[in-house]
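Report on one structure; see the data block that follows.
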Amino acid sequence: MGKIITGFTLIEILVVLIIVGILAGIALPKYGRVIERSRQAEAISILSVMRGAQLRYSADNGAYTSSTANLDIELPDNNNDGTRGDGKFFNYSLPVSPGDTDLAEATRNGVSRTAGIADYKLKVDRNGNILCTTSTAGDCVDIPSS
């Protein structure tokens, strides 16, 4: 009696590899945008805290501040250089002339940037609305509604 050889042929293995490659090609860009949305959600949370601090400062002093040192919150210092506002994925700052339409901002830095998404800036206004600005149309990831 002859020995029966079982296993996969080279063609079968190649077909499976092609299918896996196609599925990965579809899934990876979507995964990158999901990761970017989670980083953006963190930035929106910090902007909300900065907005609250700006409103408290304005209530006490009659105007908004342009210095993060005047806020009653702790901002990230990822670089450990004493500069407040250096986050891992966003740099947080206050505009030079803060007003009702622009209380705080978060600028996306280049750390672990998702392919195909350029730098962009998130801003928060007095009412808590978030605005995304970018130099390239379409680079803002969909902002979740608050």
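Using the numbering used here, you'd call the opening residue of the sequence shown number 181 and step up by one each time. Note that CB positions come from ideal geometry on N, CA and C, so glycine has one too.
Count Cβ pairs between the stretch 296-316 and the stretch 212-232 that sit closer than 8 Å; are there 3 or more? Contact holds: three or more Cβ-Cβ distances are below 8 Å.
With P275 and D266 assumed to form a contact (beta carbons below 8 Å), what rounded beta-carbon distance in angstroms separates them? The C-beta distance from P275 to D266 rounds to 17 Å, too long to fall under 8 Å, and the pair is not in contact.
What span of residues does the beta strand (DSSP E) with S273 cover, start to end? F270 to S273
Going straight from the alpha carbon of A298 to that of E285, what length do you get? 17 Å
Residue range of the alpha helix (DSSP H) that K210 falls in? It spans L190 to N241 - the alpha helix (DSSP H) in which K210 sits, taken as one unbroken run.
With the cut-off set at 8 Å, would you say I248 and S273 are in Cβ contact? Before going on, a small fix: residue 248 reads as Thr here, not Ile. Taking the C-beta atoms as reference points, S273 is found nearer than 8 Å to T248.
Would the beta-carbon of N271 fall within 8 Å of that of N289? yes
Backbone CA spacing between T189 and V196 [nearest angstrom]: 11 Å
By DSSP, does A331 sit in helix, in strand, or in coil? Residue numbering for the chain in the displayed model covers 181 to 326; residue 331 lies beyond these limits and cannot be assessed.
Distance between beta carbons of R236 and V304, contact taken as under 8 Å: Not confirmed; about 14 Å, so no contact.
How long is the line joining the alpha carbons of G262 and K210, rounded to whole angstroms? Since pLDDT at G262 reaches only 49, below the 50 mark, its modelled position is unreliable, and the value read off the structure follows with that caveat. Those two C-alpha atoms are separated by around 36 Å.
Determine the closest residue to D280 out of E222, L203 and T245, with distance taken between C-alpha atoms. Ranking the options by Cα distance to D280, first place goes to T245.
Measure the alpha-carbon distance for Y371 versus D257 and round it to whole angstroms. Nothing about residue 371 can be read from this structure; the chain reaches only from 181 to 326.
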